[in-house]
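**Student:** So the sequence shown is residues 298 to 485, counted in the numbering used here. Note that beta-carbon positions come from the ideal geometry of N, C-alpha and C, so glycine has one too.
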Amino acid sequence: MTIKSDKWIKEMANNHDMINPFVDRQIRKRNQERIISFGTSSFGYDVRCSNEFKVFTNIHSVIVDPKEFDESSFVDFNSDVCIIPPNSFALARTIEYFKIPRNVLTICVGKSTYARCGIIVNVTPLEPEWEGHVTLEFSNTTPLPAKIYANEGVAQMIFFESDEDCDESYKDREGKYQGQTGVTLPTT
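#1: Would you identify the three-state DSSP class for D314, choosing helix, strand or coil?
#2: Is the Cβ-Cβ distance between I316 and E424 less than 8 Å?
#3: Drop a sphere of 10 angstroms on the beta-carbon of K408, count the other beta-carbons inside from all chains shown, and report buried for 16 or more, exposed for fewer.
#4: Answer yes if the region 362 to 376 comes into contact with the region 430 to 440, meaning at least three C-beta pairs across the two stretches below 8 Å, and no otherwise.
#5: Taking the C-alpha atoms as reference points, what is the distance between W427 and C346?
#6: Are F353 and S302 close, meaning C-beta to C-beta below 8 Å?
#7: Can you check which of these residues, V372, G336, L441, is closest to T391 by C-alpha distance?
#8: Taking a contact to mean a Cβ-Cβ separation below 8 Å, would you say M454 touches C405 in this structure?
#9: In three-state DSSP terms, what is T478?
#10: Distance, Cα to Cα, K473 vs S338?
#11: Using only CA atoms, which one of D343, F386, I380, I333 lies nearest to N355?
#12: Within a Cβ cutoff of 8 Å, which residues of the same chain sit near N375, ignoring the five residues on either side of it in sequence?
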């Protein structure tokens, strides 16, 4: 496997619709205002967070169970910012829709701007032939409220290309999160 460069990412986005919408360079300002960067980087792609959020709350004192997740544990809203309570988390999704090729595995790491504030971004790998908006999990590890900005960079995707196709892709297995378009909760 080899890690792929900006040149490969641009070619795959422009000719194979791997990332849509696609930004072919790093954007650091919008209307002369500094923002958290997004777009193509040297060896990755910095994704943006949409304005759709689900913030975890325990007002019903439910048990967090991945097999029987209670949707009432979240407050849903749309906004340009999301305030995550101390020691809690929120879900969001990328603006970008991904179509991962059959011979590519994609991993995601949080941006250092958020990590240095105690905000951890978690995303599981994007498997070969998975497609959809990526559900993002933001953990606020601090004892203070934390802010996430919609329409700005939140994490970096890194693409690994194999010299051969996998035997069975996510699409072949009919994975349960295939084609997701919104903030998607756990399902079994």
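**Tutor:** Judging by the given coordinates:
#1: Here D314 sits in coil by DSSP.
#2: no
#3: buried
#4: In short, these stretches do not touch, since the Cβ pair count stays below three.
#5: Going from the Cα of W427 to the Cα of C346 covers about 19 Å.
#6: no
#7: G336
#8: At a Cβ-Cβ threshold of 8 Å, M454 and C405 count as neighbours.
#9: Three-state DSSP puts T478 in coil, outside helix and strand.
#10: 30 Å
#11: F386
#12: N348, E349, F350
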